[in-house]
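Student: Structure in structure tokens, see below.
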Amino acid sequence: MRSVLIVPTYNEAANIERFLTQVRTDAPNVEILVVDDNSPDQTAKIAETIAAKLGSIKVINRTGQRGYAAASRDAMHIAIESGYEVIATMDADFSHDPKVLTKLISLVNSDTALVIGSRYVPGGGVTNWPLFRRVLSKWGNLYTAFCLRLKIKDCTSGFRAYSATSLKNIDLANLTADGYAFLSEMAFVISRKKLGVIVESPIVYVDRAFGDSKMNTRIMRESMVLVTRWGLALRTGIGRKHLPR
Ligand SMILES: Nc1nc2c(ncn2[C@@H]2O[C@H](COP(=O)(O)OP(=O)(O)O)[C@@H](O)[C@H]2O)c(=O)[nH]1
Ligand SMILES: [Mg+2]
């Protein structure tokens with residue numbers, strides 16, 4: 013199946029060249045769409061240089077308001093329009109192992125809408141993350157699954173493969189998250205619209221060695237607020253019109 017990997021980047025100059033080279037080695041048939049938010053550290057420029065060398069890599073340089081969600085949605089829109097059948101996503105900081113990419117892609121089929129590289133199923137895990145991030149992620153996931161009534165252990169993993177057929181049924185422009193809440197929002201909308209099975213495949217997440225995390229309190233707060241609001245709408249009907257479609 014024709015597959016593309018979306019890589020949202022912001023200030024990943026220390027990782028991007030090695031990352032793209034590694035993905036090309038480990039998943040040679042997967043085309044790549046880097047979606048950068050005009051990173052001050054010239055990530056897009058570095059990506060363009062390596063793209064010219066490796067081929068089958070497109071770099072989108074966004075200039076509007078930056079955000080993981082908006083960048084991912086723009087890239088998904090482009091990927092759908094370009095006719096890819098599987099659309100994968102991955103972080104550029106080596107937290108996600110490029111060697112696992114082809115496995116996640118291979119699990120997408122006509123029944124499966126989304127394959128999540130999951131830290132919280134048997135065989136999965138997290139190494140060298142500070143205690144605060146571990147607790148936040150684990151409890152955040154338990155809370156998200158409870159609020160959204162999802163039987164998913166890792167709603168917030170950005171290492172994924174979607175079937176394009178399912179994505180076509182989502183009104184991406186209508187989604188509301190700005191930050192990583194986008195990941196829960198996508199799982200939620202796929203489940204609500206019954207677009208297909210959601211499968212979790214174990215991954216071992218490794219904290220980045222280079223560059224800085226863009227996680228901040230605003231992004232954490234957004235996640236809490238949205239998930240709580242959607243959970244209340246599901247149970248009480250209040251704010252139902254704000255549920256993602
Ligand atoms: N385009 C874009 N990418 C982003 C943005 N924020 C984070 N990313 C990318 O999303 C991925 C995950 O972000 P990261 O900072 O590592 O988050 P963490 O792993 O949760 O600490 C990385 O590839 C980042 O460069 C953003 O605002 N715009
Ligand atoms: Mg990271």
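Position 40 (the sequence shown) corresponds to 52 in my numbering; numbering is contiguous. Glycine is no exception: its CB is placed at the ideal position from the N, C-alpha and C atoms.
Measuring only the C-alpha atoms, how far is Leu195 from Ser169?
Tutor: 7 Å
Student: Count the other CB atoms, across all protein chains shown, that sit within 10 Å of the CB of Ser122; report buried if there are 16 or more and exposed otherwise.
Tutor: exposed
Student: Are the CB atoms of Ala199 and Ile182 within a distance shorter than 9 Å?
Tutor: no
Student: If distances are taken between C-alpha atoms only, which option among Ile231, Phe222, Arg257, Arg230 comes closest to Arg30?
Tutor: Phe222
Student: For Arg74 versus Asp49, is the C-beta distance shorter than 9 Å?
Tutor: yes
Student: Is it the case that the Cβ atoms of Asp224 and Ser107 are separated by a distance below 9 Å?
Tutor: no
Student: With burial defined as no fewer than 16 other Cβ atoms inside 10 Å of the residue's Cβ, what is the status of Ile250: buried or exposed?
Tutor: exposed
Student: Closest by CA to Ile44, which one among Met88, Leu17, Leu116, Tyr174?
Tutor: Ranking Met88, Leu17, Leu116, Tyr174 by CA distance to the CA of Ile44 puts Leu17 first.
Student: Compare the C-alpha of Tyr22 against each of Arg36, Ala56, Thr33, Arg85 and name the closest.
Tutor: Ala56
Student: When every heavy atom of ligand 4 is checked, does at least one fall within less than 8 Å of the C-beta of Arg220?
Tutor: Ligands present in the displayed structure are limited to ligand 1 and ligand 2, and ligand 4 is not among them.
Student: Between Asp49 and ligand 2, is the CB less than 8 Å from at least one heavy atom?
Tutor: Because no heavy atom of ligand 2 lies under 8 Å away, the Cβ of Asp49 does not count as near it: no.
Student: Beta strand (DSSP E) containing Glu43: first to last residue?
Tutor: 43-48
Student: Using only CA atoms, which one of Lys206, Ile99, Met232, Ala87 lies nearest to Phe144?
Tutor: Per the Cα distances, Met232.
Student: For Ser196, report the span of its alpha helix (DSSP H) as first-last.
Tutor: 193-204
Student: Considering only their Cβ atoms, is the gap separating Thr114 from Val42 smaller than 9 Å?
Tutor: yes
Student: Quick one: is Lys165 buried, meaning 16 or more other Cβ sit within 10 Å of its Cβ, or exposed?
Tutor: buried
Student: Are the beta-carbon atoms of Val138 and Pro214 separated by less than 9 Å?
Tutor: no
Student: Just tell me which of Val201, Arg241, Gly208, Leu187 has its CA closest to the CA of Ala82.
Tutor: Leu187
Student: Leaving aside the five residues before and after Leu119 along the sequence, list all residues of the same chain whose C-beta is less than 8 Å from its C-beta, in chain order.
Tutor: Val127, Ala173, Val211, Ser213
Student: Are the beta-carbon atoms belonging to Gly7 and Tyr80 less than 9 Å from one another?
Tutor: Outside the displayed range of the chain (13 to 257) lies residue 7, so it cannot be described from this structure.
Student: Could you tell me the boundaries of the alpha helix (DSSP H) in which Ser178 lies?
Tutor: 176-179
Student: May I ask you to report which of helix, strand or coil DSSP gives Ile90?
Tutor: helix
Student: Going straight from the alpha carbon of Lys226 to that of Gly136, what length do you get?
Tutor: 23 Å
Student: Alpha carbon to alpha carbon, how far is Pro256 from Val201? Give it in angstroms, no decimals.
Tutor: 6 Å
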